[in-house]
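Q:
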Amino acid sequence: MSDDETVEEYLFKIVIIGDSAVGKSNLLSRFARNEFNAHSKATIGVEFQTQSVEIDGKEVKAQIWDTAGQERFRAVTSAYYRGAFGALLVYDISRRATFDNVARWLDELNCKCFFFLLLALVLVFGLLR
5 MSDDETVEEY LFKIVIIGDS AVGKSNLLSR FARNEFNAHS KATIGVEFQT QSVEIDGKEV
65 KAQIWDTAGQ ERFRAVTSAY YRGAFGALLV YDISRRATFD NVARWLDELN CKCFFFLLLA
125 LVLVFGLLR
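When the sequence shown is numbered by the numbering used here, its final residue is 133 and no position is left out of the sequence of numbers.
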């Protein structure tokens with residue numbers, strides 16, 4: 005590529021939400037670093053990873069944000085949604101309560117996001133079992 009050519013870059017912020025211990029951090033770890041840790045610890049606050057791919061000569065970056073699922077971190081997550089292009093809502097199919105809370109997470113998304121947000125519902129079958 006010559007110095008005269010401009011590389012266009014796109015950055016999309018995606019947030020991962022869901023109850024505590026459903027596998028959000030392991031999904032992120034697998035996507036960004038191709039790693040899986042069966043003994044991962046609970047996320048404190050917010051973490052993020054970036055993964056890049058080239059599409060039609062343009063660099064496209066996905067900045068994936070992971071947050072703690074515990075209720076005590078709700079204040080942190082209010083700002084967490086700002087600028088998000090999409091969300092992955094994760095629950096553990098082997099724990100009914102995590103599915104029952106999907107509606108609450110959807111309500112939170114609706115309250116915090118004042119624009120169209122792409123959403124994917126991700127079910128995890130006992131990652132840590």
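For glycine and all other residues, C-beta sits at the position ideal for the given N, C-alpha and C.
The alpha helix (DSSP H) with Phe-102 in it runs from where to where?
A: Residue 102 is actually Thr in this sequence, not Phe. Residues 100–104.
Q: Opposite Trp-69 in the DSSP bridges: which residues?
A: Per DSSP, Val-19, Phe-52.
Q: Sorted by chain position, which residues of the same chain lie with C-beta nearer than 8 angstroms to Ile-21's C-beta, five sequence neighbours on each side aside?
A: Lys-28, Thr-71, Gly-73, Thr-81, Ala-91, Leu-92, Leu-93, Val-94, Trp-109, Glu-112, Leu-113.
Q: Would you mind stating whether Leu-31 and Lys-65 have Cβ atoms separated by less than 7 angstroms?
A: It is not a contact, given that the beta carbons lie outside the stated cut-off.
Q: How would you write the range of the alpha helix (DSSP H) that Ala-91 sits in, first residue to last?
A: No alpha helix (DSSP H) contains Ala-91, which is instead part of the beta strand (DSSP E) from 90–96.
Q: Quick one: what does DSSP say Ala-36 is sitting in, helix, strand or coil?
A: Residue state, collapsed to three classes: helix.
Q: Taking the alpha carbon of Gln-55 as the point to measure from, which residue in Cys-117, Arg-100, Ile-18 has its own alpha carbon closest?
A: For the residues Cys-117, Arg-100, Ile-18, the minimum Cα distance to Gln-55 belongs to Ile-18.
Q: Can you tell which of Thr-102, Glu-13, Ala-124 has the C-alpha that lies nearest to the C-alpha of Val-57?
A: Measuring from the Cα of Val-57, the nearest candidate turns out to be Glu-13.
Q: Among Ser-44, Val-26, Ala-36, Lys-116, which has the Cα closest to the Cα of Ala-88?
A: Of Ser-44, Val-26, Ala-36, Lys-116, the residue nearest in Cα terms is Lys-116.
Q: Opposite Val-57 in the DSSP bridges: which residues?
A: The partner list for Val-57 (beta bridge, DSSP) reads Val-64.
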